[in-house]
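Below: one structure, written as structure tokens.
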Ligand SMILES: Nc1ncnc2c1ncn2[C@@H]1O[C@H](COP(=O)(O)OP(=O)(O)O)[C@@H](O)[C@H]1O
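Protein chains in written order, with the numbering used here: chain Y, 40 to 646; chain W, 424 to 648; chain A, 253 to 331; chain R, 253 to 331.
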């Protein structure tokens, strides 16, 4: 059965039926959050509005538990640290000016939970998502990296998860034509049942081509382009259909949908080339990627960042499934889609470029006067909201923080009591055991599955302390990136441990001959509702920010992933830190490793 | 005027930028060709580069071989136009029937990216004259469907006529029959290989500059013609 | 010995980029009238006569197919 | 509209490492009695009624299968 017109929950209907019970809890909203939505709207939300608010106010999209802490990055960033920064926290990705007229943008993102549910597709779409973030800035994506964490190497679930994740990272990245220039593979028992898949992408553009997405200019068109919209990743929202229309079979049937998205790297590759041509031809005002919260996110963020309102005709969205409701269309997480704002005079040219690349493109709405985001469905209004309340003014929590009572015992448990090798034989055995251990052995099994050569600009990749790519073929200017984190150090002392992660990434970049310029992060932690985890988190953020200030380089962006736990056991706190450095001539890089030339002298620096 | 070498871009082609660069490093004029145009723009030779044309979804190269530009390549190749297929390009040439056999999933079932030693088994083709017969070169290999297969009579014919151009040495990375990494057409003008010479044109970004020889060789053959 | 065929297909609601690529290519190749294509895997197994349907169902579900994103069918072929 | 199934299998003489990997894994997973496994592709097409068998045979031979390495079958499914 399909959603017929009279079944659609319109704004009018919502105003007339204030007491209708809504499944907001099933959608993850708390009582007071739901109350606030009613206050904002002056009525109950429609199904479609409820779907939008619930996904945009989720931890993942709203940063409601982390916001108060992350603001410390801003407070500790001095004007001097910002000297190379063209865009920072709050944009899709941070951007730095690296010289010779080049701007480089980089960011990391997590795709942990989806990769546990379906390792291949979860990891693949993780790469796809971060690449679209970089693309949305107007940059050509140039390389990827993948910090990974798994349970013990011999645990049965690791055998299920690891090969799939590695194949997914490779399958997607290789097919996109992005060299993989580094990453991490770390095993620890706390990641069993909760692997971490963090993906980093770096891209470059000419400084003057930086595009920040916003919907401005009344009458400008909103174009949706890329893949069709299907029922991907809609798990939660399906309760709307079933609960409010209990007779609707398709509704209850869909409740069981797995929230798994399947990636199509070919479509994304074509989308990249299409977007870059659109930027080059100057026919877009701005582009926004469709990430976790799909159209809900793209429309509200575009409208919220612009100076007008927006009207979207939802029935124009090209669909892959039949009978999708407005709420489902708004919440769909179908991959490989982008939204653009285009001046009316450029729409024809826009469609022409999309046709050249065989990319489906549809005008779905326009920028309007006023300040409302209005979404209609076959002429009926299903959403009428102030976009900022969806995208930027979500709830903010000051979660309780408590240093765990177990912390002192953890710190007191020093390694002094562990047996030590007493003889040369034992020392030899220990060394062999060490270098054969999963956390230290060769990563070749992983890295061999990744193309590190494509595009012909990879100067350093595995095995190397940091990856390095050439940005400018004329001048040889390039960038180096390293990601690091030792979760065991962070667990012992989150403040210092995070600084150690920063210091390691910083050293790795410096050791190649590049000058560190900027920092990104991917903060993977347990549940924010656990005061001990929140303590780890706040300490880690403080440590990173203070460390950055001391080193004089800014945090330009990042990502927070909470609720990484199996049962009540949280993962090791894992604030992965990425440092980007600039080198004016990549031919002068220092490769990793000894023995490239005879007679090298080995020096130890520091204490 | 320097010779003009075309490089085809299909949707999903990835190594076109590298092939164009390799052509420039060899000091020829690099000419981008577009899959949808039935037009070779008067080039003197064509490179079909690597990547995942059309996502390689059905079979590697299966969809690309029907592109309008490929019709032109087939016609021109019949008249002796030098054609080089690298990786996905090799797969496309096989699917198009310009080279015999097929490339299938690696025996190890994984994508493999590594620096691979190759032996030059035939230095009389349009693309290998700069190499010494039997020379060993180190170039990147990166493919998931790189295992060369053909029926026995085809392989016998290739071996008998010296049409195996490159052979893997130091280990067969994908289970290819007879360690075959690259082959040529009967007239030696068309060459296809799985490894990537265009990624080995300078020591800075590749393991060696051993791959440049293919691009220099074809220039010799064009000047000689 | 019996012959068994297991067909594994992407679930209806799950994106099938492979089938889509084929479907999009067909008209360009001059083949019209194909409304949709979906692509999956086809396994042919030779099994001992004492392997029962339950075992086959289990093999299909736990190993040949990925139930998160795929449907499957098991058929015995007389031969 | 008619439903058509095309199955494409690696030729007998061509090594099928995917099928072999499945066959090798089964005993490890506790499934015995599977003598051999071969893995190929399964296509499901929805075709207009005016698409005849000849057209279908051509699609399979020239496009869905590569005759150098694969065999194929075309079946119409009543529905
Ligand atoms: N998941 C991965 N993806 C890509 N490269 C990786 C991955 N894991 C490790 N590497 C690379 O392999 C090399 C060795 O890794 P590792 O032993 O972790 O190095 P280190 O301890 O020096 O950081 C490095 O170049 C690293 O970037």
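Ideal placement from N, C-alpha and C gives every residue a C-beta, glycine not left out.
All values reported here derive from a predicted model rather than from experimental measurement.
Residue-level contact by beta carbon holds for residue 474/W and chain Y, with a gap shorter than 8 Å.
Excluding five sequence positions before and after residue 536/W, the CB atoms of its chain that fall closer than 6 Å to its own CB belong to 565, given in chain order.
Using beta-carbon distances, residue 478/W counts as an interface residue toward chain A, with a partner under 8 Å. Against residue 287/A, the close residues of chain R are 253, 297, 298, 299 and 300, in the order they occur along the chain (beta-carbon pairs closer than 9 Å). In the three-state scheme derived from DSSP, where H, G and I count as helix and E and B as strand, residue 363/Y is classed as coil. By the beta-carbon neighbour count (other beta carbons within 10 angstroms, threshold 16), residue 613/W is buried. Per the coordinates, the alpha-carbon of residue 74/Y lies some 22 Å from the alpha-carbon of residue 414/Y. At a Cβ-Cβ threshold of 8 Å, residue 355/Y and residue 412/Y do not count as neighbours. Pairing residue 568/Y with residue 110/Y, the inter-Cα distance amounts to about 19 Å. For the region 478 to 496 of chain W, the set of residues with a beta-carbon nearer than 9 Å to any beta-carbon of chain R comprises 481, 482, 485, 486 and 489, in chain order. Judged by DSSP in its simplified three-state form, residue 214/Y adopts helix. Residues of the region 262 to 295 of chain A with a C-beta less than 7 Å from any C-beta of chain W: 269, 270, 273, 274, 277, 280 and 281, listed in chain order.
If you ignore the 5 residues before and after residue 637/W, its C-beta comes within less than 7 Å of the C-beta of 507, 550, 551 and 620, all in its own chain and listed in chain order. Here residue 381/Y is near residue 260/Y, since their CB atoms are less than 8 Å apart. Inclusion of residue 484/W and residue 530/W in the CB contact set at 8 Å is not warranted, their separation being larger than that value. For residue 307/R, the C-beta contacts it makes with chain A under 7 Å involve 283, in order along the chain.
Residue 260/Y carries a strand assignment under DSSP once its states are collapsed to helix, strand and coil. Beta-bridge annotation (DSSP): residue 617/Y is paired with 522/Y and 559/Y. Burial state of residue 91/Y is buried, judged by a 10 Å Cβ sphere holding 16 or more other Cβ atoms. For residue 571/W, the enclosing beta strand (DSSP E) covers residues 570 to 572. Assignment of residue 480/W by DSSP, reduced to helix, strand and coil, places it in the coil class. Note on the region 520 to 579 of chain W: whole beta strand (DSSP E) runs with a minimum of 3 residues are 525 to 527, 535 to 543, 559 to 566 and 570 to 572, in chain order. Bridge partners of residue 186/Y according to DSSP: 223/Y. Looking from the CA of residue 326/Y, the closest CA among 107/Y, 178/Y and 607/Y belongs to 178/Y. The C-alpha of residue 320/Y is placed about 14 Å away from the C-alpha of residue 396/Y. Spanning the alpha carbons of residue 579/W and residue 493/W requires a straight line of approximately 28 Å.
Within chain A, 318, 320 and 321 have C-beta atoms less than 9 Å from the C-beta of residue 157/Y, given in sequence order.
Listed by position along chain R, the residues whose Cβ is nearer than 9 Å to that of residue 303/A are 283, 284, 285 and 286.
For the pair residue 622/Y and residue 517/Y, the CB atoms are nearer than the 8 Å cut-off. The beta-carbon of residue 329/A is placed no less than 8 Å from the nearest beta-carbon of chain R. Three or more Cβ pairs drawn from the region 541 to 553 of chain Y and the region 619 to 638 of chain Y lie within less than 8 Å of each other, which places the two stretches in contact.
The alpha-carbon separation between residue 527/Y and residue 469/Y amounts to approximately 21 Å. Contacts between residue 518/W and chain R, judged by CB atoms closer than 8 Å, involve 318 in chain order. Within chain W, the residues 628 have their CB atoms less than 8 Å from the CB of residue 497/Y, given in chain order. Among the residues of the region 195 to 226 of chain Y, those with a Cβ less than 7 Å away from any Cβ of chain W are 209, 213, 214 and 216, in the order of the chain. Within the region 88 to 148 of chain Y, the complete alpha helix (DSSP H) segments at least 4 residues long are 98 to 101 and 106 to 115, listed from N- to C-terminus.
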